[in-house]
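Number of protein chains: 2
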Amino acid sequence: MPQLRKDPVIGRWVIISAERGKRPSDFIVEPERKRGGFCPFCEGNEDRTPPEVLAYRDPGTAPNSPGWRIRVVPNKYPALRIEGELNRRGDGVYDYMNGVGAHEVIIETPQHGLDLFDLGVEQIEDVWWAIRDRILDLKKDVRFKYILVFKNHGAAAGASLEHTHSQLIAMPIIPKRVMEELDGYQKYYSYKERCIFCDIIRQEKESGKRVVLENDRFIAFEPFAPRFPFETWVLPKKHVLHFEDSQKVDYADLAAIMKETLRRINLALSHPPYNFIIHTAPLVHDEYLDFHWHIEIIPKLTKVAGFEWGSGFYINPTPPEDAAQFLKEIEPES
Amino acid sequence: MPQLRKDPVIGRWVIISAERGKRPSDFIVEPERKRGGFCPFCEGNEDRTPPEVLAYRDPGTAPNSPGWRIRVVPNKYPALRIEGELNRRGDGVYDYMNGVGAHEVIIETPQHGLDLFDLGVEQIEDVWWAIRDRILDLKKDVRFKYILVFKNHGAAAGASLEHTHSQLIAMPIIPKRVMEELDGYQKYYSYKERCIFCDIIRQEKESGKRVVLENDRFIAFEPFAPRFPFETWVLPKKHVLHFEDSQKVDYADLAAIMKETLRRINLALSHPPYNFIIHTAPLVHDEYLDFHWHIEIIPKLTKVAGFEWGSGFYINPTPPEDAAQFLKEIEPES
Numbered sequence: 120m121p122q123l124r125k126d127p128v129i130g131r132w133v134i135i136s137a138e139r140g141k142r143p144s145d146f147i148v149e150p151e152r153k154r155g156g157f158c159p160f161c162e163g164n165e166d167r168t169p170p171e172v173l174a175y176r177d178p179g180t181a182p183n184s185p186g187w188r189i190r191v192v193p194n195k196y197p198a199l200r201i202e203g204e205l206n207r208r209g210d211g212v213y214d215y216m217n218g219v220g221a222h223e224v225i226i227e228t229p230q231h232g233l234d235l236f237d238l239g240v241e242q243i244e245d246v247w248w249a250i251r252d253r254i255l256d257l258k259k260d261v262r263f264k265y266i267l268v269f270k271n272h273g274a275a276a277g278a279s280l281e282h283t284h285s286q287l288i289a290m291p292i293i294p295k296r297v298m299e300e301l302d303g304y305q306k307y308y309s310y311k312e313r314c315i316f317c318d319i320i321r322q323e324k325e326s327g328k329r330v331v332l333e334n335d336r337f338i339a340f341e342p343f344a345p346r347f348p349f350e351t352w353v354l355p356k357k358h359v360l361h362f363e364d365s366q367k368v369d370y371a372d373l374a375a376i377m378k379e380t381l382r383r384i385n386l387a388l389s390h391p392p393y394n395f396i397i398h399t400a401p402l403v404h405d406e407y408l409d410f411h412w413h414i415e416i417i418p419k420l421t422k423v424a425g426f427e428w429g430s431g432f433y434i435n436p437t438p439p440e441d442a443a444q445f446l447k448e449i450e451p452e453s
Numbered sequence: 120m121p122q123l124r125k126d127p128v129i130g131r132w133v134i135i136s137a138e139r140g141k142r143p144s145d146f147i148v149e150p151e152r153k154r155g156g157f158c159p160f161c162e163g164n165e166d167r168t169p170p171e172v173l174a175y176r177d178p179g180t181a182p183n184s185p186g187w188r189i190r191v192v193p194n195k196y197p198a199l200r201i202e203g204e205l206n207r208r209g210d211g212v213y214d215y216m217n218g219v220g221a222h223e224v225i226i227e228t229p230q231h232g233l234d235l236f237d238l239g240v241e242q243i244e245d246v247w248w249a250i251r252d253r254i255l256d257l258k259k260d261v262r263f264k265y266i267l268v269f270k271n272h273g274a275a276a277g278a279s280l281e282h283t284h285s286q287l288i289a290m291p292i293i294p295k296r297v298m299e300e301l302d303g304y305q306k307y308y309s310y311k312e313r314c315i316f317c318d319i320i321r322q323e324k325e326s327g328k329r330v331v332l333e334n335d336r337f338i339a340f341e342p343f344a345p346r347f348p349f350e351t352w353v354l355p356k357k358h359v360l361h362f363e364d365s366q367k368v369d370y371a372d373l374a375a376i377m378k379e380t381l382r383r384i385n386l387a388l389s390h391p392p393y394n395f396i397i398h399t400a401p402l403v404h405d406e407y408l409d410f411h412w413h414i415e416i417i418p419k420l421t422k423v424a425g426f427e428w429g430s431g432f433y434i435n436p437t438p439p440e441d442a443a444q445f446l447k448e449i450e451p452e453s
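Right under this line is the structure:
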């Protein structure tokens, strides 16, 4: 059983995956990433993943058989396990609990060799619907406090399989970075009685200098104080607490703006590895809690690592105004 | 002039280095790291660095000439600039100021091809003295709030030159991660009226299962909730606020334990890139502020990046108890 442990100084929970139990020699030989060769996410290989928990498929086709457009399966090597009690306990100054949670993979297309931004807008829209369906289902489990949805694209960004997919982890804690965002949100709200993200959108639209793209319901821009070159945020213009509270028109516009933003990042930076993370409110919240969900995209361009991790101090060599200009200048998809 | 910008939600300051001004094409071709070839840190090449601000050298030798054991020079490509006023200002919801600070390099030995842990204990002790001397000097500058001391070892950990060196950045803000540690420290103190780090040392010594090494004045152990495999902390057993408040006996013991800890990490993991960061209290502090300085060592073993950066959520495949066992079992240096 994986364990969730809390750093007693910082208050950050981490998963200690004793079952994976990596020994020193496991790090010496960097594990080979399957590029080419057999792919368990391809159509026809449905028996090589755990049984699907959701699929959008052709009428009349059986579960775990070909005929699907989107398929969601449990992660074969889950970071957290679905069975069991949390069993919160202490050991002197330390706190821990069982690593209970859900870890699922959203296979975004049956076709190998495509990136998310290569898919049609309707297909990308279906990815959001699948994520929403899974969140609504997992929300019923009272053990879970947060559902983290993210995409690792490219080996250097942590993807262990090439076939385009996103991931979802339902967990019994709220990750540190999310807590910080919620705290910052609250602090601003209690001072201004306005949403900080709504204010940011207003200011970014007015100045225009960091905006990359905009459609009816979404805006994509480079944040004012990005840690990484070409870090890009995509926000719904309407103030909405949870990703899963969006409507059909929202998901359609989100599909369109994500496709075009990722396509431009891909062109500008020559197929960079990247991550995106959906920042949304926790599942359980008291009546004062409010938030404005959004997506943060981080291309993986720089090698620098431990220093930033250890200090929380970031040096970004590309001003976001320059990055926005580069991304804006790429010709729109015809 | 570099700019310091504050994220309005999270409250994290980052350096936007407009002068480095990296364009998309700069990321496409990963810049070549100089391995072999000319080294500006080697003895005899003193004219290829900015003039030294400190050197421990043989009597009678001139500044910026051979004959030194340790040499401290300004970084040729500084993240922050020493001249100018902070000029704090706002722009709507955003806050920024000039990138004023000092960025220095501690060249730990005149000899190329050695690692810090290859040096003699007295030579490593001199590294601590040089850092201390520079901190005491920079502390006089009232513009600075924090001095971050760190080491990047190996290209993958962010080192751009192979010749063993540490770095120091004096800055007009307190980095986010340091603030979090101070906050966590205070929270525990106000509840328990005890230092969390002193309590951790007590508990680690008692259980022994995460301890790697110990000498009279220092202890090295794997933290209870590490983000990374083989993350290792080195703490003075005596409660001391600032790194620079240590005494001769402390620096001698610190040199011995750091040499042996890094040597073991190097052996266990086959010369991994690594970072270490000195966590010490800010320069300016009110009377209630307290802390217990220490060093955090992070071997760079895993590729995963943006997801953890974006979420603050870490999955560690190596339990710290296992890591401690591996490091303990390596035969001590004779």
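Going down the list, the sequences are from chains A and B. Numbering-wise, this note's numbering puts 262 at position 143 of the first sequence, and it's gapless, one number per residue. Numbering-wise, this note's numbering puts 148 at position 29 of the second sequence, and it's gapless, one number per residue. Even for Gly, the Cβ is constructed at its ideal location relative to N, Cα and C.
Residue i versus residue j - alpha carbon distance
| i | j | result |
| --- | --- | --- |
| Tyr265/B | Tyr310/B | 26 Å |
| Ala387/A | Met216/A | 44 Å |
| Val172/A | Ile250/A | 12 Å |
| Leu123/B | Asp177/A | 54 Å |
| Ala275/B | Phe426/A | 11 Å |
| Pro121/A | Phe432/B | 14 Å |
| Leu402/A | His390/B | 43 Å |
| Arg296/B | Ile129/A | 8 Å |
| Gly384/A | Arg188/B | Note on identity: in this sequence residue 384/A is Ile, with Gly being the wrong assignment. If you take the alpha carbons of Ile384/A and Arg188/B, they lie about 47 Å apart. |
| Ile135/A | Arg207/B | 42 Å |
| His282/A | Cys161/A | 8 Å |
| Ser279/A | Gln230/A | 17 Å |
| Ala198/B | Ile201/A | 46 Å |
| Ala174/A | Asp245/A | 10 Å |
| Pro150/B | Ile315/B | Low local confidence applies: a pLDDT of 47 at Pro150/B is under 50, so the model's placement there is unreliable, and no value is given. |
| Glu440/A | Ile243/A | 28 Å |
| Gln444/A | Pro436/A | 15 Å |
| Leu238/A | Gly186/A | 17 Å |
| Gly327/B | Arg321/B | 10 Å |
Cβ-Cβ distance between residue i and residue j below 8 Å
| i | j | result |
| --- | --- | --- |
| Val240/A | Lys378/A | yes |
| Arg253/A | Glu223/A | yes |
| Asn183/A | Asp166/A | yes |
| Tyr393/B | Lys367/B | no |
| Glu415/A | Gly429/B | yes |
| Arg382/A | Phe236/A | yes |
| Leu233/A | Pro291/A | no |
| Leu287/A | Ile225/A | yes |
| Arg336/B | Pro355/B | yes |
| Lys324/B | Val331/B | no |
| Pro127/A | Ile319/B | yes |
| Val268/A | Ser285/A | yes |
| Pro438/A | Ala137/B | yes |
Own chain residues within Cβ distance below 6 Å of residue i, not counting five before or after
| i | result |
| --- | --- |
| Cys317/A | His358 |
| Gly277/A | Asn271 |
| Lys125/A | Trp132 and Asp214 |
| Ala400/A | Leu360, His361 and Phe410 |
| Ala442/A | Glu341 and Phe349 |
Beta-carbon contacts of residue i that lie in its chain and below 7 Å, excluding the five residues immediately before and after
| i | result |
| --- | --- |
| Asn334/A | Asp372, Ala375 and Ile376 |
| Leu257/B | Ala221, Phe263, Ile266 and Ala289 |
| Val148/A | At Val148/A, the pLDDT of 46 sits below 50, so the modelled position is not reliable; the number obtained from the coordinates is stated separately. If we look at Val148/A and ignore the five residues flanking it on each side, it has no Cβ neighbours. |
| Asp369/B | Arg336 and Pro355 |
Within chain B, partners of residue i - CB distance below 7 Å
| i | result |
| --- | --- |
| Arg200/A | Residues of chain B passing the Cβ test: none, with the nearest at roughly 13 Å. |
| Gln230/A | Here the premise fails: no neighbours, minimum Cβ distance about 24 Å. |
| Lys125/A | Ala344 |
| Ala371/A | Simply none; closest approach about 25 Å. |
Chain-ordered neighbours of residue i on chain A, where CB pairs are closer than 8 Å
| i | result |
| --- | --- |
| Ser430/B | Leu267, Phe269, Pro294, Arg296, Val297 and Ile396 |
| Gln305/B | Chain A residues near Gln305/B: none, gap ~10 Å exceeds 8 Å. |
9 Å Cβ cut-off: residues of chain B touching residue i
| i | result |
| --- | --- |
| Arg262/A | Residues of chain B passing the Cβ test: none, with the nearest at roughly 17 Å. |
| Phe445/A | Arg142 and Pro143 |
Contact list for residue i against chain A, beta-carbon separation under 9 Å
| i | result |
| --- | --- |
| Ser136/B | Ile434, Asn435, Pro436, Thr437 and Pro438 |
| Ile338/B | Correct list: empty, because the minimum Cβ distance to chain A is about 15 Å. |
8 Å Cβ cut-off: residues of chain B touching residue i
| i | result |
| --- | --- |
| Leu420/A | Phe146 |
| Gly186/A | Result: empty, since nearest Cβ-Cβ is about 31 Å, beyond 8 Å. |
Original post:
What are the start and end residues of each continuous beta strand (DSSP E) run of 3 or more residues lying completely inside the stretch 207-252 of chain A, in chain order?
Top reply: 208-210, 213-217 and 221-226
**OP:** Could you pull out every unbroken beta strand (DSSP E) segment of at least 3 residues lying fully inside the stretch 316-387 of chain B, listed in chain order?
**Re:** With a minimum length of 3 residues, the continuous beta strand (DSSP E) runs that stay inside the stretch 316-387 of chain B are 330-333, 337-340 and 351-355.
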